[in-house]
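Protein chains in written order, with the working numbering: chain A, 900 to 1108; chain B, 900 to 1108; chain C, 900 to 1108; chain D, 900 to 1108.
The beta carbon of each residue, even a glycine, is placed where N, CA and C say it ideally should be.
Since the model is a prediction, treat every value here as computed from it, not as a measurement.
4 protein chains.
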Amino acid sequence: MAVAAPATLTPRKKPRQARSAATLDAIFEAALQVLLADGMRALTTTRVADRAGVSVGTMYQYFPHKQSLIYALNERYLEVLAGKVEATCRAQTGRPVADMLAALIETYWRAKTERADVTRALYRSVVEMDNEALVEAFARRVDAATTAMLGSAPDATFGDVRMVNLALVTVIFGTIRNAFERNLSQAAIDALQVELLAMCRAYVELARG
Amino acid sequence: MAVAAPATLTPRKKPRQARSAATLDAIFEAALQVLLADGMRALTTTRVADRAGVSVGTMYQYFPHKQSLIYALNERYLEVLAGKVEATCRAQTGRPVADMLAALIETYWRAKTERADVTRALYRSVVEMDNEALVEAFARRVDAATTAMLGSAPDATFGDVRMVNLALVTVIFGTIRNAFERNLSQAAIDALQVELLAMCRAYVELARG
Amino acid sequence: MAVAAPATLTPRKKPRQARSAATLDAIFEAALQVLLADGMRALTTTRVADRAGVSVGTMYQYFPHKQSLIYALNERYLEVLAGKVEATCRAQTGRPVADMLAALIETYWRAKTERADVTRALYRSVVEMDNEALVEAFARRVDAATTAMLGSAPDATFGDVRMVNLALVTVIFGTIRNAFERNLSQAAIDALQVELLAMCRAYVELARG
Amino acid sequence: MAVAAPATLTPRKKPRQARSAATLDAIFEAALQVLLADGMRALTTTRVADRAGVSVGTMYQYFPHKQSLIYALNERYLEVLAGKVEATCRAQTGRPVADMLAALIETYWRAKTERADVTRALYRSVVEMDNEALVEAFARRVDAATTAMLGSAPDATFGDVRMVNLALVTVIFGTIRNAFERNLSQAAIDALQVELLAMCRAYVELARG
DNA sequence: TATGAATGAGCGTTCATTCAT
DNA sequence: AATGAATGAACGCTCATTCAT
């Protein structure tokens, strides 16, 4: 059931040539397209290979199992997402904590909204693999970035910054995910974002030394 | 992909005899066991029937599709969960808002923790069906209950109780779900629950008229 | 594969009571209806029993296999058909041979046309059983009747009446069956009947002593 | 019930390589063997594939459904049969009408007799598909050939050659089919062929201008 | 005697994976 | 290195038949 799950986010196999990288991209894009167009059930190796314009055989040189393809797909998505969060954290270093929260929520929310269909499709692709390692690695990267950011706030010092950070990150990410699961109107979603920010700010107010 | 999705949470077919009800229970329990032990991939009709101690044919007298079994499984789970939330809301009617929040979080958290494995397994079973109707119905029931509860608080009146309610419910449920997705230590989980409550209380403080 | 095939056309089991006969009739009628409405594929024991208003168990008291039901269905049909041919033959005894031929063709053609759908459905039901004995018995009955009729013609004596009879019966029945297999217009069918009669008369002219 | 039925008799998919053609032949031959040995009920995809020495998967690369295999089987058979009739018609062009009839009957009868078992097996395979289009196409081809042949006879002109042709073809083919359905002795069959020819000749005598 | 829930062998079909070319 | 035809285990599901009630 569980796929061999390397604990790192580094790509399993570095493409040696531009050609390989292009093929890899084509496969990823194809997989995503199939997933979006026809759902998880239609995500067969042949279908992906066909849409990517390569043979199944070739695809099996890049991915030893179907699971490894799905794994890599999620890896890639989380890689980009983590990058965005890190960029925001860097940009917010040393700024007031209220701004940090707004920026973090905004970044994550937009990342999920931009291609909401992809987000949802990937959530569903997770059944096919053991994503624990992936999630763990993502969490570690994000935790490091947000903890550093929070620590740099000039207007707040926290007794247990790791705890505050865990709470904020879990609440923000969990809320955003949940908002996607329910079929909320755009208006409700916008309002929800505002409330979430208010809540986080109120919490930080409490928690700051 | 999508299963025929009745918009209600009422069981599709009332078992006529005690014998039938027992069989139905055995099937549900078997499906859950398989799901827990071997994951979604192993949840085949034969396997479930075998473990339930009935023949496939019998299983197909209770469920027209494999999907309908999974659907019913989730229906059942959400039914119980919604019932617990409603009970809590009834019990907290007229009590201080801070108590309400503590009780709601406690109830939901415990429900998820009691059989955390089941919770996780069911989250994953969702790929196989269209659970939109189910989630919607669950959300409506819970929203009604929590909104009524909040409205009854003697120590708080809200400008837009529906908005406050939506925010609280989404944050609480989302956070708890997210806490489960990550592999947190029990200590971290306990601490998180405390923080979540603090955050919700701070938010309500802000929102109350 | 082959069903136990009694060589006679007599019913396997004489219904003792009116009740039984009614049930039997209901089963036959139900089978025919299902066959007509949904084809051979839909002809399941449960479906027939349901439509007949009895339980499968009861049906299995009348017919030991599904095949025996189909067998009996064909038996019944051929019984009626043979009866019609025999009646015609009796009626035509001693009449001119040209009249005999016209009457025989007319009788058989009308029998097939009256419920053309039943005819076709039954043709198709034959896959499920070994109808050799049935066909043989039918052929014998008809041969006896037609041979006797031909022998009684005042205006013709045949060198080998059995041969002439075999030729006529095979040609007439075969032609009519074939006419049904092709999708001919009503006009074509009518014209064909006329030609068939002409052909048979010309043949008899030749064959008569 | 009905299979997608292309209105032509041309093969659906040209095998690209000699290897493929061999496989296709093996599958056809296997299907025929199973049909002959064990009847329609035993004609399962696995059984055919096994006997053909290929895997089910391979079989499904040639035929999208079980039905399409049966369809192709009949298509192939009728193709050969129509070819034989056409060849005879070409050979008999311009010859006396009595010779034409003898040749046509002889050709058709021999074609059916050569592999009488195959003939009978295929008759039975028809339940599984909608052979209307197939039969129609066959009829059209044969009608065209025989009508042209009859029209070329130097010793006969017909008022309505299409009508005469329809009568002859229906009678001949129907009679021959019927002769196969009954379990006639070889002697009876031979005699029948003679009588059929006599009948057709007598009819043509009548019909010729 | 009549019932219909239960059975389970066996069906048609799919698709991840391999390997000869 | 790339291909895609071939494989076959395993799936979801059906339905003739049985037998406890």
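List, in order along the chain, the chain A residues whose C-beta lies closer than 7 Å to that of residue i?
| i | result |
| --- | --- |
| Val1026(B) | Met939, Arg1023, Val1026 |
When the cut-off is 7 Å and only beta carbons count, does residue i lie next to chain D?
| i | result |
| --- | --- |
| Gly1073(C) | yes |
| Pro905(C) | Since pLDDT at Pro905(C) reaches only 41, below the 50 mark, its modelled position is unreliable, and the value read off the structure follows with that caveat. For Pro905(C), the answer is no, since every Cβ of chain D falls outside 7 Å of its Cβ. |
Let me see if you follow: with CB-CB separation under 7 Å, is residue i close to chain C or not?
| i | result |
| --- | --- |
| Tyr970(D) | no |
| Ala1066(D) | yes |
| Met999(D) | no |
Anything in chain C within Cβ reach of residue i, meaning under 7 Å, just list it in chain order.
| i | result |
| --- | --- |
| Val1034(D) | Glu1080, Arg1081 |
| Glu1031(D) | Asn1082 |
Would DSSP call residue i helix, strand or coil?
| i | result |
| --- | --- |
| Phe1057(B) | strand |
| Arg994(D) | coil |
| Arg1081(A) | coil |
| Ala901(A) | Reliability fails at Ala901(A), whose pLDDT of 36 lies under 50, so the model's placement of it is uncertain and the value that follows must be treated cautiously. It is coil, neither helix nor strand. |
| Arg1014(B) | coil |
| Glu1104(B) | helix |
| Ser1051(C) | coil |
| Thr944(B) | helix |
| Met1098(B) | helix |
| Asn1064(C) | helix |
| Gly938(D) | coil |
Would you say residue i lies against chain A (beta-carbon separation less than 7 Å)?
| i | result |
| --- | --- |
| Gly1058(B) | no |
| Thr943(B) | no |
Beta-carbon within less than 7 Å of residue i's beta-carbon, same chain only, minus the 5 sequence neighbours each way: which residues are those?
| i | result |
| --- | --- |
| Ala941(C) | Val933 |
| Trp1008(C) | Ile1075, Gln1092 |
| Met939(C) | Arg1023, Ser1024 |
| Ile1088(D) | Ala1078 |
| Asp998(D) | Gln991 |
| Ala1043(D) | none |
Residue i touches chain B at which residues, Cβ-Cβ below 7 Å?
| i | result |
| --- | --- |
| Tyr1102(A) | Ala1097, Met1098, Ala1101 |
What does a CB cutoff of less than 6 Å around residue i pick up in its chain, not counting 5 residues either side in sequence?
| i | result |
| --- | --- |
| Leu935(B) | Asp1016, Ala1020 |
| Ala951(B) | Ala925, Ile926, Ala929 |
| Val1103(D) | Val996 |
| Ala1002(D) | Thr987, Gln991 |
| Ala1055(B) | Val996, Arg1107 |
| Ile969(C) | Ser1024, Glu1027, Met1028 |
| Gly1050(A) | Val1060 |
| Phe890(D) | Missing from the structure shown is residue 890(D); chain D here goes from 900 to 1108 and no further. |
Establish whether the CB of residue i and some CB of chain B are separated by less than 7 Å.
| i | result |
| --- | --- |
| Thr1069(A) | yes |
| Asn973(A) | no |
| Leu1105(A) | yes |
Is any non-hydrogen atom of the ligand SAH found closer than 6 Å to the C-beta of residue i, if you look at the structure I gave you?
| i | result |
| --- | --- |
| Asn1030(B) | For the structure depicted, the ligand SAH is absent and the ligand set is empty, with no information on it obtainable. |
Which bits of chain B does residue i rub up against, with CB to CB less than 9 Å?
| i | result |
| --- | --- |
| Arg1076(A) | Gly1073, Arg1076, Asn1077, Glu1080 |
So which residues on chain D does residue i lean against when the C-beta distance must stay under 8 Å?
| i | result |
| --- | --- |
| Leu1091(C) | Leu1065, Ala1066, Thr1069 |
Using the beta-carbon of each residue, which ones in chain A are nearer than 8 Å to residue i?
| i | result |
| --- | --- |
| Ala1087(B) | Leu1065 |
| Ala1038(B) | Arg1081 |
Given that residue i touches chain A, what residues does it touch there, using C-beta distances under 9 Å?
| i | result |
| --- | --- |
| Glu1094(B) | Met1062, Val1063, Leu1065, Ala1066, Leu1067, Thr1069, Val1070, Tyr1102, Ala1106 |
Find the residues of chain D that neighbour residue i, judging by a C-beta separation of less than 9 Å, and give them in chain order.
| i | result |
| --- | --- |
| Glu985(C) | Per Cβ cutoff of 9 Å: no residues; Glu985(C) is ~18 Å from chain D at best. |
Given residue i, which residues of its chain have a CB within under 8 Å of its CB, disregarding the five upstream and five downstream residues?
| i | result |
| --- | --- |
| Leu1083(C) | Leu1091 |
For this session: Identify every run of the alpha helix (DSSP H) within the stretch 952–998 of chain B, keeping only runs that are complete inside it and at least 4 residues long; order them along the chain.
Result: 955–961, 965–991
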